[in-house]
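Please read the structure below before turning to the comments.
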Amino acid sequence: MANLRDEKNELPADFNEWLSRWALETTGVLALDTRLGVLHSTDSGEGQRLVDTSAGSVAILYCLAKNPEKQAKLRAELRTIMPTKDTRLTASMMSNLPYLRACIKEGMRMFPPTAGNFRATGRDIVLQGYRVPSHTDIAMGAQVLLRDEKYFHRPTEFIPERWLNDRDASIPSAKEVNPFIFLPFGFGSRSCIGKRLAMMEMEVILARWIRQFEFRWNYEDYKFRTTVINMPGCPLKFEIRDLED
Numbered sequence: 001m002a003n004l005r006d007e008k009n010e011l012p013a014d015f016n017e018w019l020s021r022w023a024l025e026t027t028g029v030l031a032l033d034t035r036l037g038v039l040h041s042t043d044s045g046e047g048q049r050l051v052d053t054s055a056g057s058v059a060i061l062y063c064l065a066k067n068p069e070k071q072a073k074l075r076a077e078l079r080t081i082m083p084t085k086d087t088r089l090t091a092s093m094m095s096n097l098p099y100l101r102a103c104i105k106e107g108m109r110m111f112p113p114t115a116g117n118f119r120a121t122g123r124d125i126v127l128q129g130y131r132v133p134s135h136t137d138i139a140m141g142a143q144v145l146l147r148d149e150k151y152f153h154r155p156t157e158f159i160p161e162r163w164l165n166d167r168d169a170s171i172p173s174a175k176e177v178n179p180f181i182f183l184p185f186g187f188g189s190r191s192c193i194g195k196r197l198a199m200m201e202m203e204v205i206l207a208r209w210i211r212q213f214e215f216r217w218n219y220e221d222y223k224f225r226t227t228v229i230n231m232p233g234c235p236l237k238f239e240i241r242d243l244e245d
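Counting along the sequence shown from 1, when you hit position 188 you're at 188 in UniProt numbering, and nothing is skipped either side.
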């Protein structure tokens with residue numbers, strides 16, 4: 001990734017594509033013990049056709065770049081399992097990183113992967129006094145619910161600690177919220193079949209990159225472009241600085 005930087009130490013505007021490539025390459029090494037070959041800047045080959053898979057880490061990197069104290073806290077946790085930047089990651093090492101997982105959950109709360117969950121009623125039902133006929137499409141707006149103060153304390157702030165068991169008493173636990181409010185991958189038989197793979201990608205990529213680099217954001221606030229899923233709506237020109245071991 002260091003080779004992608006320009007003279008201002010900023011990453012290219014199409015960093016989201018490179019992030020997807022890193023996610024797939026990481027998955028291939030961990031799950032298949034093989035390289036997929038998607039990190040080369042060529043448009044040919046079977047591996048390149050997999051690049052469209054979203055890693056879902058952009059918003060979390062943005063939140064960490066905008067909150068340097070949280071980024072430093074995460075890096076301190078990562079140093080406990082990665083004494084050097086090149087330490088090889090293993091499954092057992094990744095199993096004890098509560099703050100990393102809290103950062104991922106909080107990032108997905110603030111910037112959910114999709115605009116919401118959609119279902120069709122299988123029969124006539126009544127919702128809050130309204131009769132909803134069978135076969136009606138119903139949308140649950142995640143982006144509204146997840147930033148509602150009714151459910152989350154200081155909802156516009158990036159507070160990973162709300163997801164921890166060991167936290168300051170002044171921070172209400174996110175685990176006390178109705179579990180159906182936070183469903184980044186859906187629920188039940190129609191939930192995202194790749195959710196475990198997506199979590200593994202985010203954990204490995206964030207662990208490796210936050211341990212190696214300091215991320216900064218020097219531009220206006222991050223924007224979404226909502227289609228079926230939420231995509232970056234602005235150039236992803238992160239500034240990155242090399243860290244000493």
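Just so you know, even glycine gets a beta-carbon here, dropped at the ideal spot from N, CA and C.
How far does the alpha helix (DSSP H) with residue i in it extend, from its first residue to its last?
i, result
"Gly107", "98-110"
"Leu61", "58-66"
Along the chain, where does the beta strand (DSSP E) containing residue i start, and where does it finish?
i, result
"Met93", "Segment 91-94 is the alpha helix (DSSP H) holding Met93; no beta strand (DSSP E) there."
"residue 246", "In this structure the chain extends from 1 to 245, so residue 246 is not present and cannot be described."
"Phe118", "116-120"
"Glu239", "239-242"
"Arg131", "130-132"
"Asn230", "230-232"
Rounding to the nearest angstrom, what Cα-Cα distance links residue i and residue j in this structure?
i, j, result
"Ile81", "Ile205", "15 Å"
"Phe213", "Asp148", "33 Å"
"Asp124", "Ala65", "47 Å"
"residue 249", "Ala115", "In this structure the chain extends from 1 to 245, so residue 249 is not present and cannot be described."
"Met108", "Tyr151", "15 Å"
"Phe73", "Arg154", "Checking the sequence shown, residue 73 turns out to be Lys, not Phe. C-alpha separation (whole angstroms): 20 Å."
"Asp242", "Asn218", "17 Å"
"Thr84", "Trp209", "12 Å"
"Ala142", "Pro113", "9 Å"
"Leu61", "Pro235", "14 Å"
"Phe182", "Lys223", "21 Å"
"Asn9", "Phe238", "8 Å"
"Leu105", "Pro160", "One detail in the question is off: residue 105 reads as Lys in this sequence, not Leu. Each residue's alpha carbon lies about 7 Å from the other."
"Asp86", "Ile193", "32 Å"
"Met202", "Gln128", "37 Å"
"Ala59", "Arg216", "13 Å"
"residue 250", "Ala207", "Since the first and last residues shown for the chain are 1 and 245, residue 250 lies out of range."
"Asn165", "Pro179", "16 Å"
"Glu157", "Arg211", "23 Å"
"Arg162", "Ala174", "5 Å"
"Thr121", "Phe111", "27 Å"
"Thr227", "Gly233", "11 Å"
"Arg190", "Phe118", "10 Å"
"residue 246", "Asp137", "Here the chain covers residues 1 to 245 and nothing more, so residue 246 does not appear."
With DSSP run on the structure shown, which of helix, strand or coil describes residue i?
i, result
"Arg123", "coil"
"residue 246", "With the chain covering 1 to 245 only, the question about residue 246 has no answer from this structure."
Item to check | 3 or more residues per run - each beta strand (DSSP E) lying fully within the stretch 142-218 | outcome: 213-216
Next on the checklist: Pairs of beta-carbons, one from the stretch 74-92 and one from the stretch 165-180, closer than 8 Å: are there three or more?
Outcome noted: no
Checklist entry - Is there contact between the stretch 133-140 and the stretch 95-105, where contact requires at least three CB pairs shorter than 8 Å? => result no
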